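For what it's worth, my numbering labels the leading residue of the sequence shown as 15, then goes sequentially.
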Amino acid sequence: MTEQTTSRSAFLALIGRPNVGKSSLLNAMVGQKVAIVSDKPQTTRNRITGVLTRGETQLVFLDTPGAHRPRTRLGDYMVKSIGEAVSGVDAALLVVEPRLSRNEEDSIAGPAERELLEQLRNNRLPAVLAINKIDTLEDKRLLLACIDRWRKEYDFAAVLPTSAVTGEGVQELIAELSAFALEGPHFFPDDQVTDQPERVLAAELIREKMLRLLRQEIPHGVAVVTESFKERENSAGPLLDIDAVIYCEKDSHKGMIIGKKGAMLREIGSQARQEMEALFGVKVNLQCWVKVKEDWRNRQGLLHSFGYQE
15 MTEQTTSRSA
25 FLALIGRPNV
35 GKSSLLNAMV
45 GQKVAIVSDK
55 PQTTRNRITG
65 VLTRGETQLV
75 FLDTPGAHRP
85 RTRLGDYMVK
95 SIGEAVSGVD
105 AALLVVEPRL
115 SRNEEDSIAG
125 PAERELLEQL
135 RNNRLPAVLA
145 INKIDTLEDK
155 RLLLACIDRW
165 RKEYDFAAVL
175 PTSAVTGEGV
185 QELIAELSAF
195 ALEGPHFFPD
205 DQVTDQPERV
215 LAAELIREKM
225 LRLLRQEIPH
235 GVAVVTESFK
245 ERENSAGPLL
255 DIDAVIYCEK
265 DSHKGMIIGK
275 KGAMLREIGS
285 QARQEMEALF
295 GVKVNLQCWV
305 KVKEDWRNRQ
315 GLLHSFGYQE
């Protein structure tokens, strides 16, 4: 008789304040880029699903926007998505940076993290703490003090130092999170790594390049919509035609996105196209246009049309 294996799965929310490396850690765990990353806050806007399947165990990660005080309707949408994720998962992964306050009597958790911990308590949700970016620590002895201080904040199932950049601690983190998997079917095909449609991934890659190339205040007022996504055959093989519209809030921002004689828009498109070709495995013909929609982050109808729907 052949031994039957029992499938197991778990839904896990990645939470934390902005810029702690949640998306980078998600990509490292899944083993493929499913979420865009940058050094600017609020890079992640939608709740992104990453899927890791190893044998009979499937982990479904929900990468949430960074916890912050919203100032626009878009911000309200982002913060609300965190609460919805926490209320509907098997466990949470709180991601923090390796920092210590000057006064040892102060809480190591900042306002955003204290609010997240309160949500965990209210939902009686088990959680693992990942102290990310340990590759940035010059004195590793500080890590032990950081771990000790965080253990006093919440009854974490585990506290693990990690680096999404070097991969240190990532496999150990996956092993700890796998303990939350319960017997039941896999919710995604075993070879699937995300639920994001390819046209959404294309738009996000364009936005990522804008976050990296443009001045700080401009990318936060930008949305990207993939208008057309079609594959066709040409003499050199398959070619993917992608038409995308970049929406910004001001005419002055439109000029900066396009750049002198179109130089900035060409650079954004060139970098995005190269990564799309690597991700989709075919040559890409990418065309980008820039349009102005004033104050779109506070206009409910535009938020919905740009894909920010509850």
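Just so it is clear, CB atoms sit at the ideal spot from N, CA and C, and this is done for glycine as well. Predicted model, so just to flag it, every value in this text is computed and none were measured.
Pull the bridge partners of residue i from the DSSP assignment, please.
i      : result
SER23  : GLN72 and LEU196
LEU107 : LEU28 and VAL142
ILE62  : ASP77
GLY251 : ASN248
THR180 : DSSP output for THR180 lists no bridge partner at all.
With DSSP collapsed to three states, give me the class of residue i.
i      : result
LEU39  : helix
GLU129 : helix
VAL259 : strand
ASP149 : helix
If you count every other CB in all the chains shown that lies within 10 Å of the CB of residue i, and 16 or more means buried, which is it?
i      : result
GLU329 : Any answer about residue 329 is impossible in this case: the structure gives the chain only from 15 up to 324.
ALA193 : exposed
LYS36  : buried
LEU196 : exposed
HIS267 : buried
ASP265 : exposed
GLU222 : buried
GLU245 : exposed
GLY283 : buried
PRO175 : buried
GLY146 : The sequence given here has Asn at residue 146, not Gly. Buried, because 16 or more other Cβ atoms sit within 10 Å of the Cβ of ASN146.
GLY183 : buried
ALA250 : exposed
SER23  : buried
PHE201 : exposed
Terminal residues of the continuous beta strand (DSSP E) containing residue i?
i      : result
GLN301 : 297 to 306
LEU143 : 141 to 145
GLU247 : 237 to 248
ALA123 : Neither: ALA123 is in no beta strand (DSSP E) and is coded neither H nor E.
LEU174 : 172 to 175
Pull up the distance between the alpha-carbon of residue i and that of residue j, whole angstroms please.
i      : j      : result
SER21  : LEU279 : 47 Å
THR16  : LEU108 : Bear in mind that the predicted position of THR16 carries a pLDDT of just 46, short of 50, making it unreliable; the figure below should be weighed with that in mind. Rounded to whole angstroms, THR16 to LEU108 spans 40 Å at the Cα level.
PRO84  : ARG68  : Reliability fails at PRO84, whose pLDDT of 49 lies under 50, so the model's placement of it is uncertain and no value is given.
LEU28  : THR150 : 21 Å
ASP255 : GLY295 : 13 Å
ALA141 : LEU130 : 11 Å
ASP205 : GLY64  : 12 Å
HIS82  : MET43  : Per-residue confidence for HIS82 stands at a pLDDT of 48, beneath the threshold of 50, marking its modelled position as unreliable; no derived number is given.
TYR168 : ILE148 : 21 Å
ALA106 : ARG229 : 33 Å
PHE243 : ALA217 : 11 Å
GLY321 : PRO203 : 24 Å
THR208 : GLY124 : 31 Å
VAL179 : ASN41  : 10 Å
ASN33  : LEU227 : 17 Å
ALA189 : GLN72  : 12 Å
ALA172 : LEU143 : 6 Å
GLU70  : VAL214 : 29 Å
ILE62  : ALA277 : 31 Å
Along the chain, where does the alpha helix (DSSP H) that runs through residue i open and close?
i      : result
ILE161 : 155 to 165
VAL214 : 212 to 227
LEU316 : 314 to 319
HIS267 : 265 to 272
ILE232 : Unbroken run through ILE232: none, as it is neither H nor E.
PHE294 : 277 to 294
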